[in-house]
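Sequential numbering from 5 applies to the sequence shown in our numbering.
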Amino acid sequence: MTDLSVSPQRASTEPDCPRSPGTSVQEYLDHDARPVPAVLRYDVNEDLGTEPLDVERFISREWHDREVQKVWRKVWQMVCRADEIPEPGDHINYDIADDKLIIMRTKTGEIKALYNACLHRGRALRTEDGRVSELRCPFHGFTWNIDGTSKFVPCAWDFPQIDPENFPLPEAKVAEWNGFVFINMDPNSESLESFFGSMLNDWDRWDYTDRIVYSHFGGVIDANWKITGEAFIEGWHSLATHPQMMEWLGDENTQYDVFKGENWSRQIVPQGVPSPTIANHISEQEVLDSYYETRAFYSAGEGRDLSAGAEGTPIVPADSTARHELADQMRTSLAKQFGTDQDHWTDSELLDGIQYFIFPNFYVFAGPRTNAVYRFRPLGNDPDKCIAEVYLLAQQPADGSHPKPPKTRWLQPGETFSDISEIGLLGPVFDQDYANLPHIQKGLKSLRAPGIQLSRYQENRIRHYHGILDEWMDRD
Numbered sequence: 005m006t007d008l009s010v011s012p013q014r015a016s017t018e019p020d021c022p023r024s025p026g027t028s029v030q031e032y033l034d035h036d037a038r039p040v041p042a043v044l045r046y047d048v049n050e051d052l053g054t055e056p057l058d059v060e061r062f063i064s065r066e067w068h069d070r071e072v073q074k075v076w077r078k079v080w081q082m083v084c085r086a087d088e089i090p091e092p093g094d095h096i097n098y099d100i101a102d103d104k105l106i107i108m109r110t111k112t113g114e115i116k117a118l119y120n121a122c123l124h125r126g127r128a129l130r131t132e133d134g135r136v137s138e139l140r141c142p143f144h145g146f147t148w149n150i151d152g153t154s155k156f157v158p159c160a161w162d163f164p165q166i167d168p169e170n171f172p173l174p175e176a177k178v179a180e181w182n183g184f185v186f187i188n189m190d191p192n193s194e195s196l197e198s199f200f201g202s203m204l205n206d207w208d209r210w211d212y213t214d215r216i217v218y219s220h221f222g223g224v225i226d227a228n229w230k231i232t233g234e235a236f237i238e239g240w241h242s243l244a245t246h247p248q249m250m251e252w253l254g255d256e257n258t259q260y261d262v263f264k265g266e267n268w269s270r271q272i273v274p275q276g277v278p279s280p281t282i283a284n285h286i287s288e289q290e291v292l293d294s295y296y297e298t299r300a301f302y303s304a305g306e307g308r309d310l311s312a313g314a315e316g317t318p319i320v321p322a323d324s325t326a327r328h329e330l331a332d333q334m335r336t337s338l339a340k341q342f343g344t345d346q347d348h349w350t351d352s353e354l355l356d357g358i359q360y361f362i363f364p365n366f367y368v369f370a371g372p373r374t375n376a377v378y379r380f381r382p383l384g385n386d387p388d389k390c391i392a393e394v395y396l397l398a399q400q401p402a403d404g405s406h407p408k409p410p411k412t413r414w415l416q417p418g419e420t421f422s423d424i425s426e427i428g429l430l431g432p433v434f435d436q437d438y439a440n441l442p443h444i445q446k447g448l449k450s451l452r453a454p455g456i457q458l459s460r461y462q463e464n465r466i467r468h469y470h471g472i473l474d475e476w477m478d479r480d
């Protein structure tokens, strides 16, 4: 496990690795308006080389089939939020390639992951999410309790080989972290805590257990799940893909934290500051005004973090910066939304994109505002398609209310993410991201080169990601 007890300074493990000449995240933290916790003060990016990455992993059905056997049936993967199934009998269906599971809340409050197949002749027991009092096969009526124990064997006299007292539905391992439910189909797997490693130490400051699912939406993307996921673990694509953000988003000066031997990585994208590419050509007031106009995140009911009143956007004082003013306004906005004191949060936690990736497909942003969680997984056994999902998690109101999450909003043919009204300015940003992906998938099949070229620093999280994947694929 990596030791992250790093002194509060810029502490790259590869000092000869070039960085952007722009202001670093750590330099912004030096001027934060609140004491900066140690969790934001490490800066570790272990050099993983510059070798090209082979293409077959993205386009080959043979690679996909091996991936199912060696990765998806072996690793921990997030299946839902615990509050999506709050009551006994509440369940969601989780599919990964050919494997189908029922994630079920039992009468004791335990969560189980039951394989979704009748033990008689294999008929799926549930085809929809919902609440049930039992699991009854529609084909012949074999029935199980919601904890997976056998309840009824029809014509039991004709099944001498079945002991009704010992005929449970097979199940996968289940673990919970921070309000998320994870499953692992390998009965001999390491624990979820061991798999997460040193990342758990970081999250002592951010408790998502009582977070509310404000929105959960997704759709089918015509690209491999890994291609899709890679678009969200580097920030410098914003220059070409999200030009509307350049006035308030640091792109090439994003900090990337990568650790050999760990199953996770991190990035911190500075916000409330301009891209280094235009930093000498924009004022602090223009940064703040642009943030109000195009900021691509959200608060319940408004579709954005901050909204200007009738008096217009605030004025940045001569002795301040857009970043400081925006952080103060965010503290006020969050306190108003959730009825609790928000004064202790750092400027960075209020503004920056602090995103953790845990292999193979769990992406979670940290901090007090309404934050996103991404999940990408194969669509059946087609290496050219995937399911992309986003959860938006908001703080729990001061009155302690915790509404059940809304029904998942799946994009229909012809719809775009911009059509999801409740996510506001985030929709067009996702549309910009996802517009690239089908063309990447097609282009890879025409690539006539030794492999994909990745940058040494800004795309090192991608290289680290594939290094973990290769380790799993090479296991016996």
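The C-beta atom is built at its ideal place from N, Cα and C for all residues, glycine as well.
Just so we're clear, the structure is a prediction, and the values are computed from it rather than from any experiment.
Burial state of residue i, where buried means 16 or more other Cβ atoms lie within 10 Å
i: histidine 285; result: exposed
i: glutamate 353; result: buried
i: arginine 327; result: buried
i: histidine 220; result: buried
i: threonine 54; result: exposed
i: histidine 470; result: buried
i: histidine 95; result: buried
i: glutamate 475; result: exposed
i: serine 337; result: buried
i: glycine 152; result: buried
i: glycine 357; result: buried
i: glutamine 13; result: Because glutamine 13 sits at a pLDDT of 37, beneath the cut-off of 50, its placement in the model cannot be relied upon, and the following sentence gives the value as read from the coordinates. It counts as exposed.
i: serine 279; result: buried
i: phenylalanine 143; result: exposed
i: lysine 264; result: exposed
Opposing strand residues paired with residue i [DSSP bridges]
i: valine 377; result: Val368 and Tyr395
i: threonine 147; result: Arg140 and Phe156
i: proline 382; result: Cys390
i: valine 185; result: Cys84 and Glu180
i: phenylalanine 221; result: Val394 and Arg413
i: isoleucine 358; result: Ile272 and Ala370
i: valine 262; result: Asn49 and Ser269
i: isoleucine 427; result: Isoleucine 427 is not bridged to any residue.
i: glycine 134; result: His95
i: leucine 57; result: Ile456
i: isoleucine 231; result: DSSP lists no partner for isoleucine 231.
i: leucine 253; result: Gln275
i: isoleucine 216; result: Ala398
Cβ neighbours of residue i in the same chain (closer than 8 Å, five flanking residues each side left out)
i: isoleucine 282; result: Met250 and Glu251
i: arginine 70; result: Met477
i: cysteine 21; result: Asn49, Asp51, Arg460 and Tyr461
Other residues of its chain near residue i: CB distance less than 6 Å, five sequence neighbours each side excluded
i: valine 79; result: Pro364
i: tryptophan 349; result: Pro372
i: leucine 139; result: Leu129 and Trp148
i: alanine 300; result: Any answer about alanine 300 is weak, because its pLDDT of 44 lies below 50 and its placement is not dependable; what the coordinates show is given next. Cβ within range, chain order: Leu429, Leu430 and Val433.
i: valine 368; result: Tyr360 and Val377
i: serine 422; result: Gly431, Pro432 and Asp435
i: proline 274; result: Val29, Tyr32, Gly254 and Asp356
i: tyrosine 98; result: Val83, Leu105 and Ile107
Cutoff 9 Å: residue i Cβ touching any chain B Cβ
i: arginine 379; result: Here there is only one protein chain, and chain B is not present.
Range covered by the alpha helix (DSSP H) that runs through residue i
i: methionine 477; result: 464 to 477
i: leucine 355; result: 351 to 355
i: tryptophan 207; result: No alpha helix (DSSP H) holds tryptophan 207; DSSP gives it neither H nor E.
i: valine 2; result: As displayed, the chain neither begins before 5 nor continues past 480, which places residue 2 out of reach and without an answer.
i: isoleucine 63; result: 60 to 63
Beta-carbon proximity list for residue i, same chain, < 7 Å, skipping 5 on both sides
i: asparagine 188; result: Val79, Trp80, Ala176 and Lys177
i: histidine 468; result: Leu52, Val262 and Ser269
i: proline 409; result: Arg85, Asp87, Glu88, Val217 and His220
i: lysine 155; result: Glu138, Thr147, Trp148 and Asn149
i: leucine 196; result: Trp80, Ala179, Trp181 and Phe186
i: aspartate 43; result: First, the amino acid is wrong: residue 43 is valine here, not aspartate. Within the same chain, valine 43 has close Cβ partners Asp206 and Arg209.
N- and C-terminal bounds of the beta strand (DSSP E) containing residue i
i: glutamate 175; result: 175 to 181
i: isoleucine 96; result: 94 to 100
i: glutamine 400; result: Glutamine 400 -> no beta strand (DSSP E), and no H or E assigned at all.
i: tyrosine 119; result: 115 to 119
i: isoleucine 319; result: Per DSSP, isoleucine 319 belongs to no beta strand (DSSP E) and is neither H nor E.
i: aspartate 103; result: 103 to 109
For the segment 255 to 269 and the segment 461 to 474, state whether three or more C-beta atom pairs, one from each stretch, are separated by less than 8 Å.
Yes, they touch.
How about the segment 42 to 62 and the segment 464 to 475: do they share at least three Cβ pairs that are nearer than 8 Å?
With a cut-off of 8 Å, the segment 464 to 475 and the segment 42 to 62 count as touching, because enough Cβ pairs lie within range.
Are the segment 238 to 247 and the segment 213 to 230 touching by the rule of at least three beta carbon pairs closer than 8 Å?
Pairwise C-beta distances place the segment 238 to 247 out of contact with the segment 213 to 230, as fewer than three of them are shorter than 8 Å.
Should the segment 156 to 173 be regarded as contacting the segment 190 to 205, the criterion being three or more beta carbon pairs within less than 8 Å?
Contact between the segment 156 to 173 and the segment 190 to 205 is absent, because fewer than three Cβ pairs lie under 8 Å.
The segment 450 to 458 in contact with the segment 55 to 69 per 3-pair CB rule at 8 Å
The segment 450 to 458 vs the segment 55 to 69: in contact.
Answer yes if the segment 113 to 127 comes into contact with the segment 385 to 399, meaning at least three C-beta pairs across the two stretches below 8 Å, and no otherwise.
Because the criterion of three Cβ pairs below 8 Å is not met, the segment 385 to 399 and the segment 113 to 127 do not touch.
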